[in-house]
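In terms of our numbering, the sequence shown opens at residue 701 and continues consecutively.
What follows is a set of notes on a single structure, which appears directly below.
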Amino acid sequence: MYSVDFGFPVLGATVLDTGINFGIYCKNKKNIILNIYDFAHNTEPTLSLKLDEKINKTGDIWHIFLRRAKEGVIYSWKIDDSPELLDPYAFSYTNHKECKNKKSIAVKKELFKERHLDTPMSESIIYEVHIKLFTQNSNSLVKFPGKYKGFMEKIPYLKELGITAVEFLPVYEWDEYTGRYDSHNKVLENVWGYNPISFFAPTKKFSSKKNLDSFDEVVELKELIKELHKNGIEVILDVVYNHTAEGGNGGHLYNFKAMNKSGFYILEKDGENYTNYSGCGNTFNCNTVMSKDIILNSLKYWYLDMGVDGFRFDLAPILGRDEHGQWGGQSVLNEIAQDPILSHCKLISESWDLGGYYVGDMPAGWSEWNGKYRDVVRKFIKGDFGQISDLVKRISGSPDIFKRGNRSPYNSINFISCHDGFTLYDLVSYNTKHNLNNGENNRDGENHNNSYNWGEEGETKNTEILNLRKKLIKNFFLILMISQGTPMFLMGDECGRTQHGNNNAYCQDNKSTWLDWERAEEFKDIYNFVKNMIKLRKSYSIFKKDSYWECDDCKASDVILHGTKLHSPDFSYHSLSIAFELKDINSDTKFYIALNSYYGDLQFELPPLEKGKKWYALVDTSKEDKYNFSNIPTPVDKKSYLVKSRSSIILISK
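Quick look at the structure:
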């Protein structure tokens, strides 16, 4: 059936017309075996090939060519006395839940034929979303709930909302084992995906097909990306290179530990134990030659072959740590940003890990999740004192963080909530986390959330509390959409999604985390408000300038700060209000935006307009649903405007 040749030193399974070349990196190893299987569920190989060091090894790369082998061949590796191992460069794996041993599948590389959208960051609205949780609920009414194809059915929803990019939580294969049990002694599985088995292979968990021997998941994900592109929506992939599912001592053995433990992981000084800057049992040594190779090739595969438009790097500082765990200096972070291909992707970092907080310290070319933006906006809306000065900086694009090194406001990814923490609804509904169902006695998850329940913990039938919560959510979105920088928000925040106070729901694959589409109908007013705020942001250049807002008091400035009195912003410790007068030069339009987080109403003096123009009320979050974002703005005949307690307004000149 097959004939064997010595092959060539290329990593992974390279599918050619004449056969398949297999290559694997092994440092200081002697016994390398390639096993071939007819079917995924087979426990014994059809063919077992022991490689000869004299003819099947070039440097540290072992290789062999299998003539007449076709795409779809199932295989595994063995190194010395190891169990069967996965090929870390494989593009598909079998489903290990239904196979005794997980195996690799040889898939032919095929470049993504459509061009990337290349939407500028200044025009981007990012929607962080989990493919399964988005449609898994039966009331999503899709044909393939929780699958790549199911997500495809909901693209019109995202397009109508105004989303320009989805940021998928990890989609490459991961280990879902947590070792945790809920209160009913049911095994809890990691649904988020931040425990990678592969850096290349998309997960079969989201495939609509159940054929273990196929690579349908690759095809279906590529189809989803193509369909999103057709609708003007880019795909940003959350990637995890900071650790692997192999864990620490006593952990799993998938590949890297057997290939070259010290070459792929940062070890303690004893050379045996694993460092743990990731909090997940090990730390990937991202700056060795072979680690860089797999990271860079993985990114290029997702960009060039799968069509992904950008990447969000989980715990990105780990990619900047050397073999001793020290941060700084030249690293793979620089190489990614300087690469002639990858430098054209959207590169987004989560700029903290267990070893430090580095927001603003990423190399040129990187955008960063702005945790300081999140914290200040949360505190202001909650009514904490001492926030106004920092709030103005965050709304202005965080120049104190990003201006150095000629970085733009769009290097700041502005967000208020994300997968890791409370949903936006829970942020205004819970004083404390409620994570007992995670099986860790409520010890897991962040304790400092800057949240407040406004009268009752969790769900309530009190309409006064409910209306206040909705108003606060609108205040959050108003600030997010007027801020300089790139806005991002979490799936379902536009429609009142709740996780019932769980702020670390990584192991909750159930209705508590699935998007409830019936509830979404109940919060349609929030959805419409968010849609209109996105539309407003896209329509006026003042909300998406290439430069930071320079808040000045001169009439020529396009940003002027006010307080309740004109030209008198209150930066005192007890201040809970601020107003912005904005000039959109391209449309010759002015905006007046006032934010009031006091428990009482405030009367704001309005700046005079040139002759023949008046102020019109466009947004008032204190008004009834149908009036709090007016498509037909109401004229303001007075020289001042009463901004209700814990409310925000936007006036427009006409």
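In this text, a Cβ means the ideal position worked out from N, Cα and C, and glycines have one as well.
Assigned exposure category for residue i - 16 Cβ within 10 Å defines buried
{"i": "Ala1064", "result": "exposed"}
{"i": "Lys750", "result": "exposed"}
{"i": "Gly862", "result": "buried"}
{"i": "Asn1131", "result": "exposed"}
{"i": "Lys727", "result": "exposed"}
{"i": "His763", "result": "buried"}
{"i": "Asp1193", "result": "buried"}
{"i": "Gln1208", "result": "buried"}
{"i": "Phe1372", "result": "Within the shown structure, residues of the chain are numbered from 701 to 1354, placing residue 1372 beyond reach of any answer."}
{"i": "Phe1011", "result": "buried"}
{"i": "Gln1184", "result": "buried"}
{"i": "Val939", "result": "buried"}
{"i": "Asp717", "result": "exposed"}
Own chain partners of residue i with C-beta closer than 6 Å, once the 5 adjacent residues on each side are dropped
{"i": "Tyr1299", "result": "Ser1345"}
{"i": "Ile761", "result": "Pro709, Gly723, Tyr725"}
{"i": "Arg1021", "result": "Trp1027"}
{"i": "Arg682", "result": "As shown, the chain starts at 701 and ends at 1354. That puts residue 682 outside it, with no answer to give."}
{"i": "Asp738", "result": "Thr746"}
{"i": "Thr1186", "result": "Met821, Ser824, Tyr1110, Ile1113"}
{"i": "Val1008", "result": "Val935, Leu937, Trp1002"}
{"i": "Asn1142", "result": "Asn1135, Leu1136"}
{"i": "Thr1213", "result": "Leu833, Gln1199, Ala1205"}
{"i": "Ser1322", "result": "Lys1344, Ser1347"}
{"i": "Thr819", "result": "Thr864, Glu934"}
Anticipated Cβ contact below 8 Å, residue i with residue j, distance rounded
{"i": "Trp874", "j": "Pro856", "result": "The Cβ separation is near 29 Å, so there is no contact."}
{"i": "Asn1149", "j": "Lys1174", "result": "In fact, because the Cβ distance is near 20 Å, the residues do not count as touching under 8 Å."}
{"i": "Asp1270", "j": "Ile1088", "result": "7 Å"}
{"i": "Val1319", "j": "Phe1304", "result": "Not quite, the Cβ-Cβ distance comes to about 14 Å (not below 8 Å), so this is no contact."}
{"i": "Asn982", "j": "Ser1031", "result": "About 18 Å separates the two Cβ atoms, so there is no contact after all."}
Sub-8 Å separation of residue i and residue j beta-carbons
{"i": "Leu996", "j": "Glu934", "result": "no"}
{"i": "Val1410", "j": "Leu937", "result": "Here the chain has residues from 701 to 1354 only, and residue 1410 is not among them."}
{"i": "Ile826", "j": "Met1188", "result": "yes"}
{"i": "Phe1115", "j": "Asn1203", "result": "no"}
{"i": "Ala740", "j": "Tyr775", "result": "no"}
{"i": "Ile1179", "j": "Leu1295", "result": "yes"}
{"i": "Thr743", "j": "Ile736", "result": "no"}
{"i": "Met852", "j": "Leu924", "result": "yes"}
{"i": "Ala790", "j": "Phe956", "result": "no"}
{"i": "Tyr1406", "j": "Thr1289", "result": "Summary: the structure shown does not reach residue 1406, with the chain confined to residues 701 through 1354, and so no result is reported for it."}
{"i": "Ile1285", "j": "Asp1246", "result": "no"}
{"i": "Leu1091", "j": "Glu1050", "result": "no"}
{"i": "His929", "j": "Leu869", "result": "no"}
{"i": "Phe915", "j": "Thr944", "result": "no"}
{"i": "His1119", "j": "Trp777", "result": "no"}
{"i": "Lys843", "j": "Ser907", "result": "no"}
{"i": "Met1191", "j": "Leu1166", "result": "no"}
{"i": "Gly1025", "j": "Ile966", "result": "yes"}
{"i": "Cys1195", "j": "Arg1169", "result": "no"}
{"i": "Leu1019", "j": "Asn942", "result": "yes"}
{"i": "Pro1307", "j": "Leu1342", "result": "no"}
{"i": "Ile1363", "j": "Ile1293", "result": "Nothing in the structure corresponds to residue 1363, since the chain is present only between 701 and 1354."}
{"i": "Lys808", "j": "Glu771", "result": "yes"}
{"i": "Asn885", "j": "Glu876", "result": "no"}
Same chain, Cβ closer than 7 Å to residue i, neighbours up to 5 away in sequence not counted
{"i": "Ser782", "result": "Leu953, Ala958"}
{"i": "Gly1139", "result": "Arg880, Tyr881, Asp882, Leu888"}
{"i": "Ser1287", "result": "Tyr1240"}
{"i": "Glu1164", "result": "none"}
{"i": "Gly1201", "result": "Asp1126, Tyr1130, Lys1133, His1134, Gly1158"}
{"i": "Asn721", "result": "Gly707, Phe708, Val710, Thr714, His763, Phe765"}
{"i": "Lys674", "result": "Since the first residue shown for the chain is 701 and the last is 1354, residue 674 is missing from the structure and cannot be characterised."}
{"i": "Lys802", "result": "Leu786, Tyr793, Thr794, His796"}
Close-in-space but distant-in-sequence residues of the same chain around residue i (CB under 8 Å, 5 per side omitted)
{"i": "Gly1105", "result": "Ala1064"}
{"i": "Asp993", "result": "Leu711"}
{"i": "Tyr702", "result": "Gly719, Ile736, Leu747, Leu766, Arg767, Arg768, Ala769"}
{"i": "Pro845", "result": "Thr835, Gln836, Asn837, Ser838"}
{"i": "Leu811", "result": "Leu1004, Asp1005"}
{"i": "Asn949", "result": "Glu972, Asn973, Tyr974"}
{"i": "Ser1067", "result": "Met821, Lys1046, Leu1047, Ile1048, Ser1049, Tyr1110, Asn1111, Ser1112, Ile1113, Thr1186"}
{"i": "Glu1023", "result": "Ile966, Asn985, Asn987, Thr988"}
- Item | Any 3 or more C-beta pairs closer than 8 Å across the stretch 1336-1352 and the stretch 1312-1325 | Result yes; three or more Cβ-Cβ pairs closer than 8 Å.
- When the Cβ atoms of the stretch 1050-1058 are set against those of the stretch 977-985, are three or more pairs found closer than 8 Å? The way I'd put it, the stretch 1050-1058 does touch the stretch 977-985; three or more beta-carbon pairs between them come closer than 8 Å.
- Query: Does the stretch 1067-1077 come close enough to the stretch 1097-1111 to have 3 or more Cβ pairs within less than 8 Å?
  - Reply: Verdict: yes, contact present.
- Message: Taking contact to mean 3 or more Cβ pairs, one atom from each stretch, closer than 8 Å, check whether the stretch 1227-1235 and the stretch 1275-1293 are in contact.
- Response: Flag = no, the stretch 1227-1235 and the stretch 1275-1293 do not touch.
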